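What follows is a set of notes on a single structure, which appears directly below.
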Amino acid sequence: MKTLMTTICAAAVLVLGAVARAADAPQMIAGKPYSITPGANGSYTVKWGDQSMTWQPNKAWYYDDFRKAGPTYYSKWTKPNMPFPFELSVDERAKLPAQELYDRCIAWHYYGSYYPGGADMWNNLVIKPDGSLREKQYFMEHFMAFNGKKNQQFLTPEEYDDVSHKYLWIAVEPQEVRGQGGVTTDYYAREKRPSDTLYLPTVRKVRRLAGAVSKQFFPATIVRYEDVSHVRALADLDYKITGFELYNPDASVHGQGPNDYPEIRGMDGAGDVAAVIEITPKPGVSWWYAKRKFWCGLQTLGFLGSEEYDDKGAKQRVVVHRIRTGLDGKPDPAPDWYYYWGALWIQDLKSGFKGDMWASDMRFEPGFPTTIFNNENLLREPRQLGWWK
Amino acid sequence: MKRLGRTTWWFGWLVLSSIVVPWTAHAYHLSDDFELRAVYRGENYFRLTDTDRTFFDAKRKTFVTEPAGVLMSQRNEFRIDFEGRLHTEKLWPWLGRSRVFVQLRPWYDSAFDWPEDQEPAKHQQQLTPFWRSNVENGELGQYYDPLFREYYIDIAPRHFFFRIGRQIIPWGKSDGVYMLDVINPFNLRNPTIFEEENFKIPVYAANLNWQPTIDSNLQVLYIPQYFPNVWGGINTDHQGRSIESRFHPWTYNIVGFFNDFYNGEFGFTVPVHRNIPEDPIDDAIVGTRWSSVWNRVNYTINYLYTWTPSLIDFATDGAGHDVSFLSPMLRKVVREPRREHVVGGSADYDVNMGSEWLDGTVFRIETAFTLGDQYYKGLVGNPVSVDHWGVMAGIDKTILGDYLERPVFASLQYWHDLVFDVQKDCLECGPFAGKFQDLGFEGGSQGLRNDYKSLLTLYLYKTWLPGDTLITEFFTLYELQFQDWWIRPKVTYKINDDTIVAVGANVFAGGKQTPYGEWKDNTDMFVELRRTLF
């Protein structure tokens, strides 16, 4: 708690108040002038180069502070002296290699590279094409990043320079999968694929999971390991930045609608300038998509959304990511610039199924014991967050 | 239908209403810290062969042949879990939060009420005390497949974890072959069941764990009470009579053979007296296990001082002296376990070296030296103390990932058991003293195994449809020396989050005295239903 309070104070100094002002926003992004001008009824006009958009405070699920500040809110992630992955200026971020920018927008974003681990409940719904609920699962998630030699006490000496982050999941509902769990270990070296274990309560044994599983479906969901725990740039894929655009999400897309899950508060990145990263399988690699477009906000460094296409160029999946922050920290609030993975809305356009998922009961700095990622813990079949206390 | 028992109807009504009522199942939270859950589980096994069984009838003093029947099992089970968190950290912060867990599993197998061709149901009188229910009187229901199945308290000071109570403790990295994983005995009421939590008998244990480093664990076990494996046909009445004969559908040949023997096949009956170790100190089972990671290899080192998992039959003259099974002095069989040591280890490793072909392949190995085990010398020789070495080597890989949206998980295992030391001064070793009587032994040399025995297993698993709601599995086992087979396809469909149905089959092939070929007449199909109630 002492660490948390220190961080909160530091954060408060950093952001100098809850609501950012237009003057705080960067003047230039990716080599082009960027401006935010207040408009009528709480709207803002955002211009970047020759592109412009009108930001409207019309989404029921916006954070209140974000609704007031509009896109100027994003500037809190552009201040000097921010920790990794925000330590670079917006211009420097735009010049990063695609793989590194991708990592910063998702892996280091999901895994809280600036706090000593986090835990949450992953709520996962599988929705049938007719809109009815097909499946519903709840998973406990526990995660930690080790970049910059942080949190080394959670690693063995042989892992110090090798392991980038760890992830422990345990299914809580439904009864059929209750107690299933696994540990993912990811590595700095891109040629190393993440390794996974899987615990099955029916046999009560922890097994290595045969991979490489990044492109496979995460158990009982319509998302892939690539979307959940294998979230660094993968060795099987090529990444390149194809351009930048003023991000203006389509409100007709599931998850972007003004009233789509209003209780899941967050931000959409509208009005940020996004790098568009194109991801393709390396020659000779068979992957579930032929091309993926991935939008990464340069101010927020947030994963904003993605689209996946098949080899005929047909769109086969759309993903919307809702950025969520320390404001959701329960039971302990965290600084409002802290990120966690937040919420995802996935449309599988081929099957018509949707995957709606979000985190709840988010716990920043949950006081993990150093043995939290020990596979033996899975045999205990924990049922509720806080089991490590 | 009138002949069905009242209890069967009661269970049937309960099951039907549980399934038909379209409620949404949620755990019942008594408070933030206490919850209650309930699941119904039904399994029905139907024999697909039109076959007979022959047994020696102790009353008529002759062999009798009768139809084996179609309905093998119709088990209806409720699983009720109670779980509570105890805020012991408020009393002693160093102790951390504790947890209590109680699982009740009342079950009723109505197959034992179902009349095939007789009234009352065939051999109901002999079988129901052991196999029909655990809410009636009966040793099996009390101890081996009990109503209160698991109950324990978890105490977890930082870096420690203690589970005290009745529980299942898994060891090893094998699927379906058991060398290290012999802490919990098996209820072999149906040896084709895959889910270990459904056939392992929970034991009373102090399961003490210390995590001295972040990826290691030292486990120490103390198990004060010995439970043996339970087999169809192994139970006796209070007079030591082997009244189950071969009536249970899954009576191994070797059990049925000796039951015929004891029931008077050779002109005299032999009573069986069970002798179970009971001293919680001197007769306790103790073990330790170290698990850790070295160069990305997950490994364990295990030691267990235990008893033979099954009770062993020792022929005596009734005055405490060992005799041969073939001796005219044979008066009584003492059925008891013997002490043994199990020493071994296990390891797994996933290749992650940047190779397209090898990456993602998991290699597993498990090995154990079992010292002081008891094998029956062939033919109808006495049990002798043997030391044997088991090895399981397995390869797991996800295959066809380039061609299938949901690829196939494949697991191939090789297992062998090698007897490397045999008691030299065995009494009446039998005419085939270099061999041992295996599970399919029926009095012929085809049922004997050599020092070396091995088998292969292949398991394939594939999911279908969004959300993995359709699951297909295929398992096969082949014994290299006995040349017998077990093939098990299964399809599972998740109707919704709370209701799951499965259909499958067990197909057996091989010689009638081989460990799996002996079940040829038990080739079956099964239907399972699971419904979460709350």
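Here the protein sequences line up with chains A and B, keeping their order.
According to my numbering, the first sequence is numbered sequentially starting from 89.
According to my numbering, the second sequence is numbered sequentially starting from 1481.
All C-beta atoms in this analysis are idealised placements derived from N, C-alpha and C, irrespective of residue type, glycine included.
Quick caveat: nothing in here was measured; it's all calculated off a predicted structure.
- Not a single CB atom of chain B sits nearer than 9 Å to the CB of E396 of chain A.
- Between the alpha carbons of Y1785 of chain B and V1822 of chain B lies a gap of roughly 6 Å.
- In the displayed model, N1743 of chain B falls within a helix according to three-state DSSP.
- Annotation: the region 262 to 332 of chain A contains the following complete segments of the alpha helix (DSSP H) (minimum length 4 residues), in chain order: 313 to 316.
- In summary, the residues of the region 1816 to 1840 of chain B whose CB is separated from some CB of chain A by less than 7 Å are D1828, D1830, N1832, G1834, D1839 and G1840, in the order they occur in the chain.
- CA-CA distance, S1865 of chain B to S1696 of chain B, rounds to 35 Å.
- Judged by beta-carbon spacing, V311 of chain A lies within the 9 Å limit of M445 of chain A, meaning their Cβ atoms are closer than that value.
- V214 of chain A belongs to the set of residues whose beta carbon lies under 9 Å from a beta carbon in chain B.
- Closer than 9 Å to the CB of W433 of chain A there is not a single CB belonging to chain B.
- At a cut-off of 9 Å, the C-beta of A233 of chain A has no neighbouring C-beta in chain B.
- Among the bridge pairs identified by DSSP, F1640 of chain B is matched with B:W1690.
- Counting C-beta pairs closer than 8 Å gives fewer than three between the region 1988 to 2001 of chain B and the region 1509 to 1521 of chain B, which falls short of the contact rule.
- Contact of E175 of chain A with chain B by beta-carbon distance below 7 Å is absent, the smallest such distance being about 28 Å.
- Bounds of the beta strand (DSSP E) holding Q435 of chain A are Y427 to D436.
- A distance below 9 Å separates the beta carbons of F1912 of chain B and L1859 of chain B.
- Where K156 of chain A is concerned, the enclosing alpha helix (DSSP H) starts and stops at D152 to A157.
- Straight-line spacing of the CA atoms in G385 of chain A and D338 of chain A works out to 16 Å.
- Not one beta carbon of chain A lies nearer than 9 Å to the beta carbon of I1644 of chain B.
- As the crow flies, the alpha-carbon of R1886 of chain B is around 22 Å from that of G1874 of chain B.
- Assignment of beta-bridge partners to D208 of chain A by DSSP yields A:E229.
- In the three-state scheme derived from DSSP, where H, G and I count as helix and E and B as strand, K164 of chain A is classed as helix.
- Under the Cβ distance rule, I258 of chain A does not count among the residues neighbouring chain B, no pair being separated by less than 9 Å.
- Taking a beta-carbon distance threshold of 9 Å, G205 of chain A does not count as an interface residue toward chain B.
- Residue environment analysis places Y248 of chain A among the exposed positions, since fewer than 16 neighbouring C-beta atoms fall within 10 angstroms of its C-beta.
- For E229 of chain A, same chain residues with a beta-carbon under 6 Å away, outside a window of 5 residues either side, are D208, W210 and W257 in chain order.
- When the beta-carbon positions are compared, D1828 of chain B and R295 of chain A come within less than 9 Å of each other.
- Within the region 1545 to 1559 of chain B, no residue places its CB atom closer than 7 Å to a CB of chain A.
- L1936 of chain B is not a Cβ neighbour of Q1963 of chain B, given a cutoff of 9 Å.
- Assignment of beta-bridge partners to I1703 of chain B by DSSP yields B:I1765.
- Y1623 of chain B has no beta-bridge partner at all, per DSSP.
- Exposed is the label assigned to V1777 of chain B, since fewer than 16 other Cβ atoms lie within 10 Å of its Cβ.
- Residue environment analysis places E1675 of chain B among the exposed positions, since fewer than 16 neighbouring C-beta atoms fall within 10 angstroms of its C-beta.
- The residue from B:E1523, B:S1578 and B:V1519 with its alpha-carbon nearest to that of I1560 of chain B is B:V1519.
- For a Cβ distance threshold of 9 Å, residue set P457, T458, T459, N462, E464 and N465 of chain A lies close to Q1691 of chain B, ordered along the chain.
- Using a C-beta cut-off of 8 Å, the region 209 to 225 of chain A makes contact with the region 428 to 443 of chain A, since at least three inter-stretch Cβ pairs fall below that distance.
- In this structure, the alpha-carbon of Y1855 of chain B lies about 28 Å from that of Q1606 of chain B.
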